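Taking it in order: structure first as structure tokens, then the write-up.
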Amino acid sequence: MFSRRAFILGLASAVFAPGAAFSARHKKHFVLNPRYEPRTVPFSRRYEPGTIVVDPHRRFLYLVEQPGVARRYGVGVGKAGLAWSGRAVVGRKEEWPRWQPTKDMIRRSPRKYAKYAEGVEGGPDNPLGARALYLFSHGRDTYYRIHGTNEPWTIGHAVSNGCIRMLNEHVEELYDEVGIGTPVVVL
1053 MFSRRAFILG LASAVFAPGA AFSARHKKHF VLNPRYEPRT VPFSRRYEPG TIVVDPHRRF
1113 LYLVEQPGVA RRYGVGVGKA GLAWSGRAVV GRKEEWPRWQ PTKDMIRRSP RKYAKYAEGV
1173 EGGPDNPLGA RALYLFSHGR DTYYRIHGTN EPWTIGHAVS NGCIRMLNEH VEELYDEVGI
1233 GTPVVVL
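Encoded structure:
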């Protein structure tokens, strides 16, 4: 299994500016638009503290900290026609999760996904990145996730197969803050 320590040691020689990210898959340096950096912001919507609220149109995920205040993160969201909205809960959490494309993904893009039909083990080349929060509704897996990414340049765009993507550092922070059963609202 891939370890976080090995990943960090592999990057030890890299020097990053604030907002910089590294794509292990494509070995290129990327600077995140400062708009998508995590920050604490006023939040007027009424949700209980601890709730995750995703606004796919604005490309932000909010973790409600207290009434009127949330931690905001930039995200990448689903392409038109593939996005999901509704209410769910975090039903499972995984560090360096294994990924397998859904049958629908393979059907839509067989050239891109068929070769991964058996799945990809966790690590820097895995599309789910460093952490994944699995969204469940009515006790069933929705097959939608809040997860890291090995394509950091997708943050702020509608590019995924419906999941909510975050920079690996950001999803690690969120992962540590929420537990199983955390409510999730995707607007």
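So the sequence shown is residues 1053 to 1239, counted in our numbering. Positions of the beta carbon are idealized from the N, C-alpha and C atoms, including for glycine. Computed from a predicted model, the values in this text were never measured in an experiment.
For GLY1143, which residues from the same chain have a beta carbon less than 6 Å from its beta carbon, with the 5 sequence-adjacent residues on both sides left out?
The residue labelled residue 1143 in the question sits at position 91 within the sequence shown. TYR1186, PHE1188.
Which partner residues of GLN1118 appear in the DSSP bridge assignment?
Numbered from its first residue, the sequence shown carries residue 1118 at position 66. In DSSP, GLN1118 forms a bridge with VAL1121.
I'd like to confirm the pairing. Which residues does DSSP put opposite ARG1097 in its beta bridges?
Here residue 1097 corresponds to residue number 45 of the sequence shown, with the count starting at 1. Bridge partners of ARG1097: none, in fact.
I need the straight-line Cα distance from PRO1204 to MET1218, nearest angstrom please.
As a first step, residue 1204 is located in the sequence shown; it is residue number 152 there, counting from the start. As a first step, residue 1218 is located in the sequence shown; it is residue number 166 there, counting from the start. Using only the alpha carbons, I get a separation of about 8 Å.
Should ALA1169 be labelled buried (16 or more other beta-carbon atoms within 10 Å of its own) or exposed?
For the purposes of this step, residue 1169 is taken as the residue at position 117 of the sequence shown. Exposed.
Beta-carbon within less than 6 Å of SER1212's beta-carbon, same chain only, minus the 5 sequence neighbours each way: which residues are those?
Here residue 1212 is taken as the residue at index 160 of the sequence shown, counted from 1. So the qualifying residues of the chain are GLY1128, GLY1130.
Quick one: what's got a C-beta closer than 6 Å to GLY1174's C-beta in the same chain, skipping five residues either side?
If you number the sequence shown from 1, residue 1174 lands on position 122. Taken in chain order, the residues that qualify are PHE1054, TRP1148, PRO1149, ARG1150.
Compute the Euclidean distance between the alpha carbons of GLU1229 and PRO1162, then round it to the nearest angstrom.
Reading the sequence shown from its first residue, position 177 is the one you call residue 1229. Reading the sequence shown from its first residue, position 110 is the one you call residue 1162. Answer to the nearest angstrom: the Cα atoms are 37 Å apart.
Who are the Cβ neighbours of MET1157 in its own chain at under 7 Å, not counting the five residues just before and after it?
Sequence index remark: in the sequence shown, residue 1157 carries index 105 (1-based). Cβ within range, chain order: TYR1165, ASN1213.
I'd like to confirm the pairing. Which residues does DSSP put opposite GLY1187 in its beta bridges?
For the purposes of this step, residue 1187 is taken as the residue at position 135 of the sequence shown. It is worth fixing the name first, because residue 1187 is Leu in this sequence and not Gly. Partner(s): VAL1142.
Just how far apart, CA to CA, sit ALA1135 and GLU1221?
Numbered from 1 along the sequence shown, position 83 holds the residue referred to as residue 1135. Numbered from 1 along the sequence shown, position 169 holds the residue referred to as residue 1221. C-alpha separation (whole angstroms): 23 Å.
When the Cα of THR1234 is compared with those of LEU1084, ASN1085, ILE1104, ILE1207, which residue comes out closest?
Stepping through the sequence shown from its first residue, residue 1234 is reached at position 182. For the residues LEU1084, ASN1085, ILE1104, ILE1207, the minimum Cα distance to THR1234 belongs to ILE1104.
Just to confirm, is the Cβ distance from GLY1200 to GLY1181 under 7 Å?
Taking the first residue of the sequence shown as 1, we reach residue 1200 at position 148. Taking the first residue of the sequence shown as 1, we reach residue 1181 at position 129. In this structure, GLY1181 lies closer than 7 Å to GLY1200 by Cβ.
Report buried or exposed for ALA1073, applying the criterion of at least 16 other Cβ atoms within 10 angstroms of its Cβ.
Numbered from 1 along the sequence shown, position 21 holds the residue referred to as residue 1073. Here ALA1073 scores only 44 on pLDDT, less than 50, and its place in the model is too uncertain to base an answer on.
Please determine, among GLY1171, LYS1167, VAL1141, the residue with the shortest C-alpha to C-alpha distance to ARG1192.
Here residue 1192 corresponds to residue number 140 of the sequence shown, with the count starting at 1. Answer by Cα proximity: VAL1141.
Measuring alpha carbon to alpha carbon, tell me which residue in THR1154, ARG1123, PRO1108 is nearest THR1092.
To locate residue 1092, count along the sequence shown from 1; it is residue 40. Residue ARG1123 is the option with its Cα nearest to THR1092.
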